Amino acid sequence: MTAGNGRFWNRMKILFMMIILIMSVAMLTACGGAGTQTEKNGSAESGSESSGSEKTGSESSGLEKTGSESSGLEKTGSESSGLEKTGSESSGLEKNGSEKTKSEKSGAEKAGTAGSETAKPAKEKAEAEKSVKNGDGNEEDSDIILGDERADIYLPLLDGKRVALFTNQTGIVGNRIETATDSLEDKEDTGTDSLTVGEDLIPFGQTLDGSSVEYGEHIVDALVRQGVDLTVIFVPEHGLRGKDDAGAQVLDSVDEKTGVPAVSLFGSGSAYPSTGDMDRFDTLVIDIQDVGLRYYTYYITMYYLMDACAAAGKEVIILDRPNPNGFYVDGPILQDEFVSGVGILPIPVVHGMTLGELAQMFNGEGWLSGGKDACLLTVVPCENYTHQTKSSLVINPSPNLKDMRAVYFYASTCYFENTAFSIGRGTVFPFEIYGSPYITDNDEFDFSFTPVSMEGASSPDFEGQECYGKDLRGVPLRQIWDEKINLEYVIDAYHALQEQNPGISFFGQPDGSGHYWIDILFGTDRVRRMIEEGDGPREIEQSWQTEVEAFKEQRRPYLLYDE
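Numbering (the working numbering), first residue to last: 30 to 592.
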């Protein structure tokens with residue numbers, strides 16, 4: 030081998046070694062990159078430790094939204110009112126649908142705490158994409174904030190004013206109201222669509238374990254504590270503490286804690302405040318929980334107060350609250366002939382509006398005595414609420430709506446009132462059962478109960494008599510929501526009584542005008558007449574659909590929240 034050849038082969042060896050070295054480095058780099066990508070993918074699929082804690086609500090991930098002890102005050106802006114906003118462990122979250130009372134983890138998930146997008150399971154991501162919108166149309170994934178929590182808006186309007194307040198036991202500042210949809214869907218996903226032992230059956234005022242709820246600060250106390258000159262409290266049907274019977278006279282009283290006089294506007298001879306009571310104040314504040322039905326009388330008292338304030342030139346400020354039945358509109362429009370103490374305006378049975386929205390409609394439609402826009406009205410809206418929110422209450426709005434299932438069934442079962450059937454007044458589950466002493470030996474009406482006198486139901490219909498009927502506590506909530514007003518219950522009971530006891534009048538006795546109580550509730554006699562003529566639920570419900578669609582268009586300018 031010549032020297033030239035030797036140098037050539039040496040160069041080739043060096044080049045070959047360099048190629049091997051470069052290939053080795055490339056292979057090592059590729060392996061390392063693949064390992065890193067695998068780690069990233071694993072974290073995305075299973076939820077890394079840091080992402081998981083953000084999603085489930087660890088101390089570092091924004092528990093302000095779930096109402097933790099350390100951060101609830103941040104949302105209310107007041108140390109003394111943190112309980113009212115958050116509904117902490119002692120204030121009744123157990124019964125209002127919050128998952129937090131079941132586990133810290135699920136509570137934080139439901140509240141929409143800050144978390145990595147990749148750490149969220151597919152269902153939670155889908156729910157997050159829906160987003161809740163507040164009254165201004167801004168998308169937020171957050172808890173509902175009630176009007177009475179927004180003191181920065183309404184307190185300046187009360188400065189230097191003598192203030193009247195329309196409220197009752199429901200005026201808990203920051204009443205925690207959360208959607209029940211997520212918990213229901215979770216149960217349905219596991220094959221359980223009946224919530225017979227679910228949160229909707231937990232009586233208001235009790236926790237999951239049956240102990241008593243401790244509520245946060247009442248609006249009366251909150252206003253007085255913050256230096257507002259509260260001079261008079263106006264109270265509706267059932268009284269300031271919500272314990273009086275339906276339709277019973279409510280007497281004037283004095284609030285024991287503050288010494289402020291409480292003036293009754295129900296059953297006292299006049300629906301309007303007296304001249305003397307009007308002279309007590311400059312501005313009226315309204316903070317009361319309604320359930321969204323035309324025959325639920327709180328909005329009627331609000332109407333008369335607004336009418337009186339419009340005539341006297343006094344401002345009205347409404348601290349708005351969600352409507353638990355605000356996700357649909359149903360039922361016939363009230364006809365003038367059927368105006369009564371449980372219906373005074375041309376709106377459907379289920380109007381689907383908050384009190385703030387309804388008040389704007391009173392004003393804008395010229396329904397007040399002074400005509401269009403007669404009232405000096407300010408509505409402090411809720412935040413993070415829409416009309417598709419299934420809101421849950423934390424305190425009974427009236428004595429015989431004892432849990433959320435009764436609130437939802439109220440639009441379908443109230444028509445048993447003053448008929449040959451009991452709707453369960455004088456039991457622990459009114460509006461969730463129905464029965465009659467005139468129905469016996471009927472396999473389809475095999476549930477029995479005996480009404481007794483109790484607080485909120487003294488001398489109930491058929492007191493001491495065994496009634497046979499049906500128990501609706503096993504009906505899935507999703508079914509109740511989807512059916513809206515369901516006339517099947519009344520129609521089935523009507524035919525059963527006709528078959529067994531045709532001499533008994535199912536609808537009771539008419540008043541002096543020939544109207545039955547079911548006519549008063551529906552605002553028309555058309556429903557009763559169609560039942561008597563043999564029409565079924567679908568035909569009757571179809572009869573009012575044109576009215577409903579027209580009303581939905583009429584109310585649209587007054588809505589504060591997305592439909």
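We put the beta carbon where it would ideally sit given N, CA and C, even for glycine. No experiment lies behind these values; they were computed from the predicted model shown.
When secondary structure is reduced to three states using DSSP, residue 290 falls in the strand class. Under DSSP, the beta-bridge partners assigned to residue 407 are 346. Spatial neighbours of residue 434 in its own chain (CB-CB distance under 7 Å, excluding positions within 5 residues in sequence) are listed in chain order as 229, 230, 461 and 502. Taking a cut-off of 8 Å for Cβ pairs, the segment 235 to 242 and the segment 258 to 268 do not touch, as fewer than three such pairs fall below it.
Inter-residue distance for residue 347 and residue 354 is about 19 Å (C-alpha atoms, whole angstroms). Counting only unbroken stretches of 4 or more residues, the alpha helix (DSSP H) elements lying wholly within the segment 170 to 210 are 180 to 187, in sequence order.
Partner residues in the beta bridge of residue 500, as assigned by DSSP, are 462.
Counting along the chain, residue 315 sits inside the beta strand (DSSP E) bounded by residues 312 to 315. Judged by DSSP in its simplified three-state form, residue 420 adopts strand. Counted as a single uninterrupted DSSP element, the beta strand (DSSP E) harbouring residue 476 occupies residues 476 to 478. By the criterion of a C-beta distance shorter than 7 Å, residue 586 is surrounded in its chain by 393, once the five residues flanking it on both sides are discounted.
Around the beta-carbon of residue 484, fewer than 16 other beta-carbon atoms lie within 10 Å, marking it exposed.
Assignment of residue 382 by DSSP, reduced to helix, strand and coil, places it in the coil class.
If you look at residue 258, you'll find it in the beta strand (DSSP E) that goes 258 to 264. Contact annotation: residue 589 and residue 344 have beta-carbon atoms that are not nearer than 7 Å. When DSSP states are grouped into helix, strand and coil, residue 524 belongs to the helix group.
Taking residue 369 as reference, the option from 185, 577, 188 and 544 with the minimal CA-CA separation is 544. Taken atom to atom, the span from the alpha-carbon of residue 388 to that of residue 471 is near 47 Å. Here residue 511 carries a helix assignment [DSSP, helix/strand/coil]. Counting of Cβ neighbours within 10 angstroms places residue 401 among the exposed residues, the total staying below 16. The alpha-carbon separation between residue 500 and residue 199 amounts to approximately 28 Å. Around the C-beta of residue 558, fewer than 16 other C-beta atoms lie within 10 Å, and the residue is accordingly described as exposed.
Below 8 Å, enough C-beta pairs join the segment 307 to 314 and the segment 187 to 195 to call them touching: three or more. Here residue 358 has 377, 379, 380, 381, 577, 580 and 581 as same chain residues with Cβ atoms under 7 Å from its own Cβ, once five neighbours each way along the sequence are excluded.
Here the segment 439 to 453 makes no contact with the segment 241 to 257; the two share fewer than three CB pairs at distances below 8 Å. Cα atoms of residue 591 and residue 172: separation of roughly 16 Å, rounded to the nearest angstrom.
Bridge partners of residue 247 according to DSSP: 201. For the segment 523 to 565, the full-length alpha helix (DSSP H) segments reaching 4 residues or more read 546 to 551 and 555 to 561 along the chain. Exposure of residue 254 is indicated by the presence of fewer than 16 other C-beta atoms within 10 angstroms of its C-beta.
Annotation for residue 440: the continuous alpha helix (DSSP H) segment containing it runs 433 to 442. Residue pairing by DSSP places residue 283 opposite 290 in a beta bridge. Within 10 angstroms of the beta-carbon of residue 281 lie fewer than 16 other beta-carbons, which makes it exposed. Beta-bridge partners of residue 369 (DSSP): 372.
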